[in-house]
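Residue numbers (mature numbering (1 follows the signal peptide of the UniProt record, and there is no 0)): -20 to -1, 1 to 250.
Here it is as structure tokens:
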């Protein structure tokens, strides 16, 4: 599993070498993400989204190649609705602000996973999963915004000021910093990161934020220009044929923490 020293190094990389602008540019798709198009004047979802997840849609109006696409490879043990995001992505921050509204409209919580494909995104993922393993779900949204703010609103901070700000965030939410976690907690974080890396690979994530339904269908950002349209598409995508059993969010966490092999010290140090 990941040693505390490795987590400490990854945390240092966040503060000194992971610029939010760089992370955004390396993870953005060519098309403008739906989050950036739906933040100005979002309408009330209930006005256009009466159908809830699990209730058959009267008529499927979405089309493959327009609002969604069938994935070439199924994501194993995927929840019903999942978002892959990055703390380094400004559009993801805007989408995160809309997530409570999206969850309410869908009648369930969208499961979030942090993109992991290199050292930079893995470093950011350490921050996210440090919160995931310690905070109740109702506090994670506010924690996400605090980390987004640290990375995107404080470009003039010195390294020490960034370090102090991050420590203040951990204190505010009453959680331990990555380098303060015990061995069991470190193992949980490492398993979440490995699981996120697996999702990133299986889904062939090219940009964030990206949404996936039942591990077999991807929402296409270019096919939507509003949050309401996105909600409607997801509700219909749930009705599409699929083989995935779509475990609940808590079940996903159990699968990750109980079954995913821990990252070895040797591989973590590469």
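Glycine residues also receive a C-beta, built at the ideal position from the N, C-alpha and C atoms.
Nothing here was measured: the structure is a model prediction, and the numbers come from that model.
ask   = Thinking C-alpha only, which one of 203, 182 and 190 is nearest residue 52?
value = For the residues 203, 182 and 190, the minimum Cα distance to residue 52 belongs to 182.
request  = Return the Cβ separation of residue 65 and residue 119 in integer angstroms, given the expectation that the two are a contact with Cβ distance under 8 angstroms.
outcome  = That pair is no contact at about 18 angstroms.
In DSSP terms, what residue 65 is bridged to = Residue pairing by DSSP puts residue 65 in a beta bridge opposite 94.
message = Between the alpha carbons of residue 95 and residue 71, how many angstroms are there, rounded?
response = Near 14 angstroms, if we compare the C-alpha coordinates of residue 71 and residue 95.
query = Apart from the five residues just before and just after residue 111, which ones in its own chain have a Cβ nearer than 8 angstroms to its Cβ?
reply = The beta carbon of residue 111 is closer than 8 angstroms to those of 120, 123, 124, 127, 153 and 155 in its chain, skipping five residues each way along the sequence.
message = Using a 10 Å radius around the Cβ and a threshold of 16 neighbouring Cβ atoms, would you call residue 85 buried or exposed?
response = Per the 10 Å Cβ criterion, buried.
query = Considering only C-alpha positions, which residue in the set 130, 46, 61 and 48 is nearest to residue 225?
reply = The shortest C-alpha separation from residue 225 is found at 61.
ask   = If you count every other CB in all the chains shown that lies within 10 Å of the CB of residue 184, and 16 or more means buried, which is it?
value = By the Cβ-count criterion, residue 184 is exposed, with fewer than 16 other Cβ atoms from all chains shown falling within 10 Å of its own Cβ.
query = Are the segment 154 to 168 and the segment 102 to 110 in contact at 8 angstroms, needing three or more beta carbon pairs?
reply = With the cut-off at 8 angstroms, the segment 154 to 168 and the segment 102 to 110 touch.
message = Which of the three DSSP states is assigned to residue 119 in this structure?
response = In this structure, residue 119 counts as helix in the three-state DSSP scheme.
query = On the three-state DSSP scale, how would you describe residue 50?
reply = The answer is strand: DSSP assigns residue 50 an E or B state.
query = On the three-state DSSP scale, how would you describe residue 200?
reply = Judged by DSSP in its simplified three-state form, residue 200 adopts coil rather than helix or strand.
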